[in-house]
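Input: a single structure, listed below in structure tokens.
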Amino acid sequence: MYEWRRPTILDMISALFLFLLLREWLLPLQELTDTGALWPFYTIAGTVILMDLFLPYRWLTFPFKLLGVLWLLHAAFFDTSFWEKEWLIDLYAQIVRDMPLVLSQDWGAMSVISRNGMFDLMLLVMISMITYLVLEQRQVLWFVVMTEAYLALLDTFMPYEADGGIVRSLLYGFLLLAISHLTKVTSIATLNGKRGWMVANAIMAPLLVLGVSIGIAYTAPKKEASWPDPISYLMGSDQATTAVGMKKVGYDNNDSQLGGPFVSDNTLVFTGLTNERSYWRGDSKDIYTGAGWEKGKRDYESILDLKNYEWKNALFHGTETKEVKASLYFSGPLQYATVFYPGQLKKVTDYTPENATVVYDTWNQQLEIRAGKINLIPPSGAAHSQPVVGPNTLLMKLKQYNVEAEVPIISEKAITQAGSQYPIEIRTHYLQLPEQLPPRVKELAEEITKDAPTPYQKVRAIENYLRSSGKYKYETTDVPVPEQGQDFVDQFLFESFRGYCDHFSTSMAVMLRTLDIPTRWVKGFAPGQRVGADDAGNDIMEVRSKDAHSWVEVYFPNMGWIPFEATSSFTSPVRIKYDLHTEEAQAPIPLPDLGNQGALNRGDGRFDELEGADAISNRGFQIPWQVNALFVGALAAAGFVAWRRRQKITIWWLRRKWSQLEKDQYADRYHLLMRMMESVHSRRQAGETMREYVNRLHISGDKRQDLRFLTEIYERMIYGMKGIEQKARSIVEELMERLTRQLKP
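Letter by letter, the sequence shown follows residues 378 to 1122 in our numbering.
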């Protein structure tokens, strides 16, 4: 029979190392999937470990764990109070609605709430089993080996650098094994004289092994790998050719030749402090050459006094906005002469060096930093020949600066009704396409948008097709380089079907241009990884070279340039307010018939989930009676199990209260002991004294003798007003500890 024991310091240390190992399993999610924040998963892992460590009867902890999952879902997706029932009804409706999709394994069509709820439950169950096997059964080695194998597979076959995780997991796992061994040794060493010696020997060996191995690994000379790349070997590709085309991901001004594989670069670019997570915009380009992007028209403006300059409606106008304030700090080796900002820039202040000036490209909204001012000689034939002060021709990199900006909140009604009356200048420069663009690119765009009447619906249809059709895979390493004369977009859409953000964003921009919708290609950085918060609640974001990203801006009349995200593993930078109401049901945003490609109909209100907007409730949803009956049956079964185990629950609760009392509170501790006796044996009758009750109990002679002695001490304290003698204290404590430990239902 399972008997719970109070966790020791060694058990708590083991739990800490187990959590660190579980963290290594969760870290890759942020790079390999579209997972935004990992704190909910960390919370689940930590809470499950603590509950299983400090609470007995694992089945009793599951209601509390489920309540914690509900709290996490509410905190992430709902704005109403946790104690209101409306959000629970919405959650229940979405789960039941998505249940057939689970059975058909159509994960992409599920709502984001259902997917998160299922993943949280799976994580809860798995971590509960792992804590049982590792912390209770002391089966540590298998989990350490599985963790190392998992990270090695990700490092080998996926675009994830697991070098640090493999080393950390080996360290955590070795220490967890040492603590587990030490726990067994301390349980064997019962004699005080031998206990310290055995513990010292048990912990000294692991520490020596760790110290020697880490020291050798750090100081020993390193040599390049002599084995071939397993991916290239298994796929039969030429390793030398692949190595030549491999490059590091990062922000680069040269985008004339896109495509080919890259390796992730974890170098820190800047640390951002912001009240709103958003993309960091750097530059835009308007000419698609068939191989990459170049800048066409440029319109430069000199800004000599940057801190007093204000931008107004540089990107968009006529929409609701949210104010964003951010501070950027550059301290690493990668620094740029470009100002990065979220949304639409309004002001740049508090920058260093203070002598910085700016050349502003008003056509592409790019800010290039220059090293102070110089006297410019006017061209010959000018009206005056006096020197003109302008920005220096030398580029300069800012170490830090603050930006004030705003991000758009788009009205679906307004953007749907924006129409297609584009200004002549916009049509002239942002509908350009190369003459050699294969006709099937336009044919595919027309097929995707054949049921979309407005430009906005066409934009969303193509965006949704690239993100969610399942036909295109996000890939960074196994990416072919276009052949000479081969169109970059055509190769991605019809041949390789795999690529990264440059492939998705360029394909969306080009397909929209074939439909006479003005677009341009934008580059900068994704929001980065949140590493903390300041006292005001602002997020502290670390933006690294691997966060370099590209997306699309689409022009809408009377609104301006609105950003869209075509890459499935990234969250869209635009937030949509769904205020379009018509008498008829809104037409779905279509996808073409893809046969067995698993096309998803995204016209059911789920676009707001892609954009990170609030979940839309289905008020008219009718819950099947079978589901309600199953829910009631589960509650009844849980109640029956709790009733059958009521004695165990009562004793556990009384033991917990008993252990929380101070040792000098003898009377209270004695009363709790007698209540446990009543729960296990029989109730004390009315008018029956403690002495009479103890004499009546059907227990063994040694237990009765111990209980009589404790009762006599209690009577002397209550009726004789006498305290416990110092000599008797240790005996009393030992007897009470032994009796409570031996009590079993």
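Don't be surprised by glycine CBs; every beta carbon is placed ideally from N, CA and C. Computed from a predicted structure; not experimentally measured.
Assignment of alpha helix (DSSP H) within the segment 761-820, counting only whole runs of 4 or more residues, yields 789-793, 801-807 in chain order. Our two residues, residue 751 and residue 771, have alpha carbons roughly 10 Å apart in a direct line. Judged by DSSP in its simplified three-state form, residue 402 adopts helix. Within the same chain, Cβ atoms closer than 6 Å to the Cβ of residue 521 are found at 550, the five residues on either side in sequence being excluded.
DSSP places residue 730 outside both helix and strand once states are collapsed to three, so it counts as coil.
In this structure, the beta-carbon distance from residue 933 to residue 801 does not fall below 8 Å. An exposed status is given to residue 459, since fewer than 16 other beta-carbon atoms sit within 10 Å of its beta-carbon. The C-beta distance from residue 649 to residue 864 rounds to 36 Å, too long to meet the 8 Å contact threshold. In the displayed model, residue 550 falls within a helix according to three-state DSSP. Each residue's CA atom was taken as its position, placing residue 905 and residue 1054 some 59 Å apart. For residue 1029, the secondary structure class from DSSP, reduced to helix, strand or coil, is helix. Here DSSP, grouped into helix, strand and coil, assigns residue 711 to coil. Annotation: the continuous alpha helix (DSSP H) that includes residue 477 extends over 463-480. As computed with DSSP, residue 910 is found in a beta bridge with 916.
For residue 904, no beta strand (DSSP E) run applies, since DSSP gives it neither H nor E.
The DSSP-derived three-state label of residue 418 is helix.
Residue 908 and residue 651 have their C-alpha atoms spaced approximately 12 Å apart. The C-beta separation of residue 795 from residue 833 comes to about 7 Å, placing the pair in contact by the 8 Å criterion. Cβ contact annotation for residue 873 (same chain, cutoff 6 Å, sequence separation greater than five): 857, in chain order. Rounded to whole angstroms, the separation of the alpha carbons of residue 426 and residue 452 is 21 Å. In the DSSP assignment, residue 507 falls within the alpha helix (DSSP H) that extends over 489-508.
If the five residues before and after residue 400 are omitted, its C-beta is found closer than 8 Å to the C-beta atoms of 419, 422, all from its own chain and listed in chain order. Taking C-beta atoms under 8 Å as the contact rule, residue 1028 and residue 1059 fail to qualify, at a distance of about 15 Å. In this structure, residue 898 and residue 633 do not form a Cβ contact; the two beta carbons are roughly 12 Å apart against a cut-off of 8 Å.
Residue burial is scored here from C-beta neighbours: residue 454 has at least 16 other C-beta atoms within 10 angstroms and is therefore classed as buried.
Secondary structure at residue 876: strand, using DSSP grouped into helix, strand and coil.
Secondary structure of residue 671 (DSSP, three-state): strand. Membership of residue 933 in the beta strand (DSSP E) is indicated by the continuous run 925-933. Approximately 4 Å separates the beta-carbon atoms of residue 869 and residue 880; this is inside 8 Å, confirming the contact.
In this structure, 844 is the residue among 747, 513, 844 with its C-alpha nearest to the C-alpha of residue 944.
Nearest Cα to residue 824 within the set 431, 1020, 492, 892: 892. Distances from the alpha-carbon of residue 493 to those of 526, 532, 1076, 416 put 416 closest. Between the beta-carbon of residue 1063 and that of residue 1095 there is about 19 Å, and that puts the pair past the 8 Å contact cut. With contacts defined as CB atoms closer than 8 Å, residue 489 and residue 655 fail to qualify as a contacting pair.
The Cβ-Cβ distance between residue 821 and residue 890 does not fall below 8 Å. Counting C-beta atoms within 10 angstroms of its own C-beta, residue 685 has fewer than 16 neighbours from the protein chains shown and is therefore classed as exposed.
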